[in-house]
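Undergrad: Quick one: this structure, given as structure tokens, is what I'll be asking you about.
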Amino acid sequence: MSAPAGPAAPQTGLLAGRKHALDGLRIIAVAGVFFFHTATESMPGGSIGVDVFFTLSGFVITLLIMKERIATGRLHLGIFYAKRLARLWPALLALCAVIVTAGLLFPASGWGGQAGFVLPAAAYVMNLAHFGMFGDSIAGETLGPTWTLAVEEQFYLVWPLLLLGMLRFWKVRTAAFATVGLAAAFVLNRFLLVSAASRWTASTTDRTPGPTSC
2 MSAPAGPAAP QTGLLAGRKH ALDGLRIIAV AGVFFFHTAT ESMPGGSIGV DVFFTLSGFV
62 ITLLIMKERI ATGRLHLGIF YAKRLARLWP ALLALCAVIV TAGLLFPASG WGGQAGFVLP
122 AAAYVMNLAH FGMFGDSIAG ETLGPTWTLA VEEQFYLVWP LLLLGMLRFW KVRTAAFATV
182 GLAAAFVLNR FLLVSAASRW TASTTDRTPG PTSC
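Add 1 to a position in the sequence shown, counting from 1, and you land on the number used in this note's numbering.
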């Protein structure tokens, strides 16, 4: 009779344990965004913290997916989505309730008239409902910054399906190269959009007549 199998060997490398360094980077990113909004002149580029936070979140989520797939051979999508929703949604709903209540009690305050933004914020579609896919990030609304949560939750919805689809037909290395190519395509697309917008703004400014003297 053979001896019972021992516990699986501990994972090493990227898939082993919590990445405390990434937590520190996320704190720095959040601090950059905070100072960008409170002391813009001192930190005009602090908004890059949003991009850093998105990148780190995507990296961590990908590690979680890979760890579960390696350990169990699959990913329980229902449990995955439930965990992602449970992390932030209760707090977001509480925030929406506080803002609506404060707006009703103090309609002249900055929180007054915000009820129309509660549904897109709570449904994680603020980035699409009011600002467009590439619109302004904040337009003065109290719940405007929830566009970042919307982008993150939409990523959580799409990326696991895309990653599992690639891993179903390709090896991990091939899927990694495809992911790098996809990311590079998005960066190139954004660069071309920004360049085109800059040229359009410059040409519009050149055509604007200057003041004339009497």
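Here a beta-carbon is modelled for each residue, glycine too, at the ideal position from N, C-alpha and C.
Measure the Cβ-Cβ separation of M167 and A179 and say whether it is below 8 Å.
TA: Residue mapping note: residue 167 aligns to position 166 of the sequence shown, counting from 1. Residue mapping note: residue 179 aligns to position 178 of the sequence shown, counting from 1. Closer than 8 Å, so yes.
Undergrad: Tell me which residues share the same chain as S199 and place their Cβ nearer than 8 Å to its Cβ, disregarding the 5 neighbours each side in the sequence.
TA: For the purposes of this step, residue 199 is taken as residue 198 along the sequence shown, with counting starting at 1. Counting only Cβ-Cβ distances below 8 Å, and skipping sequence neighbours, we find nothing.
Undergrad: Whose CA, out of A30, T39, L164 and V119, lies closest to the CA of I62?
TA: To locate residue 62, count along the sequence shown from 1; it is residue 61. Measuring from the Cα of I62, the nearest candidate turns out to be L164.
Undergrad: The alpha helix (DSSP H) that contains Y1, what's its start and end?
TA: Within the shown structure, residues of the chain are numbered from 2 to 215, placing residue 1 beyond reach of any answer.
Undergrad: What is the DSSP secondary structure of T41, counted as helix, strand or coil?
TA: Sequence index remark: in the sequence shown, residue 41 carries index 40 (1-based). Three-state result, T41: coil.
Undergrad: Quick one: what does DSSP say G47 is sitting in, helix, strand or coil?
TA: On the sequence shown, residue 47 is found 46 positions in, with the first residue counted as 1. Here G47 sits in coil by DSSP.
Undergrad: Tell me whether A122 is buried or exposed, calling it buried when 16 or more other Cβ atoms sit within 10 Å of its Cβ.
TA: As a first step, residue 122 is located in the sequence shown; it is residue number 121 there, counting from the start. Label assigned to A122: buried.
Undergrad: In three-state terms, what does DSSP make of K172?
TA: In the sequence shown, counting from the first residue as 1, residue 172 sits at position 171. If DSSP states are grouped into helix, strand and coil, K172 belongs with coil.
Undergrad: How is the alpha helix (DSSP H) around P121 delimited, first residue to last?
TA: Residue mapping note: residue 121 aligns to position 120 of the sequence shown, counting from 1. Per DSSP, P121 belongs to the alpha helix (DSSP H) from V119 to A123.
Undergrad: Taking three-plus beta-carbon pairs below 8 Å as touching, is the stretch 55-74 in contact with the stretch 33-41?
TA: Segments in contact, no.
Undergrad: When DSSP labels each residue in this structure, what does R27 get in the three-state scheme?
TA: Translated into the one-based positions of the sequence shown, residue 27 becomes position 26. In this structure, R27 counts as helix in the three-state DSSP scheme.
Undergrad: Please state if the CB of G47 and the CB of V31 are separated by a distance shorter than 8 Å.
TA: Taking the first residue of the sequence shown as position 1, residue 31 is located at position 30. Taking the first residue of the sequence shown as position 1, residue 47 is located at position 46. Not in contact: V31 and G47 (Cβ atoms no closer than 8 Å).
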